[in-house]
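Right, one structure below, let's go through it.
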Amino acid sequence: MEIVFVTSALHGGGAERVIVSLANYFSGQGDTVTVLMTAGSEVAYEVAPEVRVCSIGRASRGNVWIQIQRLMHMRRFFKTHRDSKIIAFSTTMNLYTILASLGLGNDVIVSERNDPARCRYKLFRNLVYRFGKRFVFQTEEARMCFPPHIRNKGVVIPNPLREGLPDVWSGERERKIAVVGRLEPQKNHALLIRAFAGFVKKFPEYELCIFGKGGLEQELKHMAKDLEIGGKVSFPGFRKNVLEIIRSYRMFVLSSDYEGIPNSLMEAMALGIPCIATDCPIGGPGLCIKDGENGILIPVGAYRELQTAMEKIAGNESLAKELGKNAEEIRKRFSVEEVGRAWYACLGR
């Protein structure tokens with residue numbers, strides 16, 4: 002089988018990480034796999050040598066001519082790969098892929114990421130989506146965001162955990178709290194900083210480490226300084242080896258307003274780190290965490306509940322160990338082999 006993944010680039014995002022995991026898995030099964038990048042050439046993840054990575058464009062930044070050229074380059078590529086199964090990731094790339102392949106006969110599989118309800122152009126999206134052959138949603142809640150003619154062609158497949166995860170930490174955990182995610186409004190790091198400001202008064206030995214990069218970095222740093230916790234909050238940026246760094250941490254927090262299935266949360270759970278997450282749309286954190294059993298769920302935007310949850314884990318060693326131990330089971334539920342088989346069923350293999 003020939004499989005083509007379409008994405009803007011392979012920078013450090015969650016969707017890109019899923020693409021690389023699936024591409025490496027499919028190539029390992031003997032399939033011919035290409036990752037087609039339409040808006041850059043950056044590759045932040047380790048791609049198997051058998052996977053072809055092809056860049057055919059650059060970021061448009063609103064330039065209509067560059068966007069037209071992108072469609073032309075994509076269509077030219079699809080014409081020379083008519084027998085391929087094309088898998089597009091993210092709403093924008095989904096639309097480009099469907100439009101560029103109209104009339105060519107390619108099987109286009111649309112993979113919806115994040116929260117479909119947040120799309121600013123739903124009518125146009127749903128109109129173009131009529132021409133997609135199959136749809137992959139991360140959760141049932143995401144599938145139900147679409148009209149029947151789309152969701153009836155869809156299947157729910159969760160994200161896979163990447164292979165080669167570090168081993169679970171066996172020693173005493175550091176008094177550090179990790180969060181991994183882009184420094185953008187969706188992730189609501191401000192909520193965590195606010196909750197940490199109250200938490201650290203009771204547990205002054207703790208530090209908060211916010212991994213990632215984005216447009217809100219300076220604003221978040223100023224917020225921590227204004228709350229007089231600047232010396233307790235660090236911003237290490239994007240780190241390829243972030244899992245090796247945080248595997249010994251005492252806690253992981255996801256404070257997002259909305260998510261698909263957050264890879265960072267899944268990976269932290271797989272490392273046995275006690276996790277706290279907002280129970281946000283489209284149900285990804287709730288799919289991973291059973292509240293009080295393998296992690297703690299809190300309402301979206303609830304900083305007092307977040308502070309309480311952090312205090313509960315920090316102040317109860319046996320609870321922290323129980324949550325972490327139960328969280329490790331996620332390695333079996335979302336292994337790349339299990340998820341890969343579901344994708345093969347969708348692709349008709």
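According to this note's numbering, the sequence shown is numbered sequentially starting from 2. Even for Gly, the Cβ is constructed at its ideal location relative to N, Cα and C.
| Asked | Found |
| --- | --- |
| If you drop the 5 nearest sequence neighbours on each side, which residues of the same chain put their C-beta closer than 6 Å to that of GLU260? | CYS281, GLY285 |
| Could you compute how far the alpha carbon of ARG83 sits from the alpha carbon of SER112? | 20 Å |
| Could you round the C-beta distance between VAL7 and THR98 to whole angstroms and report it? I think they count as a contact, below 8 Å. | 5 Å |
| Do three or more CB pairs link the stretch 31-40 to the stretch 53-68 at distances below 8 Å? | yes |
| Terminal residues of the continuous beta strand (DSSP E) containing ALA89? | 86-90 |
| Return the chain-ordered list of same chain residues with a C-beta closer than 6 Å to the C-beta of MET75, the five sequence neighbours on each side being excluded. | ALA101 |
| Going along the chain, which residues of its own chain have a beta-carbon closer than 7 Å to the beta-carbon of PHE246, five neighbours each way excluded? | Before going further, note that residue 246 is Ile rather than Phe in the sequence given. Taken in chain order, the residues that qualify are ARG240. |
| Does DSSP put ARG183 in a helix, in a strand, or in coil? | coil |
| Just to confirm before moving on: does the CB-CB distance between MET267 and LEU162 stay below 8 Å? | yes |
| Smallest Cα separation from ALA355: which of ARG119, ALA278, TYR130? | Absent from the structure is residue 355, since the part of the chain shown begins at 2 and ends at 350. |
| Short check: CB of LYS313 to CB of ARG251, under 8 Å? | no |
| Here's the rule: buried if 16 or more other CB atoms are within 10 angstroms of the residue's CB, otherwise exposed. What is PHE132? | exposed |
| Taking 7 Å as the limit between beta carbons, can you name the residues of its chain near LEU96, skipping five residues before and five after? | ARG126, VAL129 |
| Exposed or buried, which one is SER91 when buried takes at least 16 other CB atoms within 10 Å? | buried |
| Is the separation between the beta-carbon of LEU244 and that of PRO167 shorter than 8 Å? | yes |
| Does the beta-carbon distance from GLY41 to ASN264 come in below 8 Å? | no |
| Count the other C-beta atoms from every protein chain shown that fall within 10 angstroms of the C-beta of ARG350, then say buried if there are 16 or more, exposed otherwise. | exposed |
| Between which two residues does the beta strand (DSSP E) holding GLY238 run? | 234-238 |
| Have a look at LEU348 and ASN153 and give me their C-alpha separation to the nearest angstrom. | 16 Å |
| Using beta-carbon positions only, say whether LEU184 and GLY231 come within less than 8 Å of one another. | no |
| Using C-beta distances below 8 Å, list every residue in its chain close to PRO186, excluding the 5 sequence neighbours before and after it, in chain order. | LEU217, ASP258 |
| Taking only the alpha-carbon atoms, compute the straight-line gap between VAL44 and ILE331 and give it to the nearest angstrom. | 27 Å |
| Are there 16 or more other CB atoms within 10 angstroms of the CB of HIS150, so buried, or fewer, so exposed? | exposed |
| Looking only at its own chain, which residues have a Cβ that is under 6 Å from the Cβ of GLU164, when we skip the five neighbours before and after it? | VAL337 |
| Assign LEU320 to one of three DSSP states: helix, strand, or coil. | helix |
| Mind checking which residues open and close the beta strand (DSSP E) that includes ILE314? | Premise fails: ILE314 lies in the alpha helix (DSSP H), 304-315, not in any beta strand (DSSP E). |
| Kindly indicate the opening and closing residues of the beta strand (DSSP E) around CYS120. | CYS120 -> no beta strand (DSSP E), and no H or E assigned at all. |
| Quick one: using the 10 Å Cβ neighbour count with 16 as the cut-off for buried, is PRO275 buried or exposed? | buried |
| So what does DSSP say about PHE138, is it helix, strand or coil? | strand |
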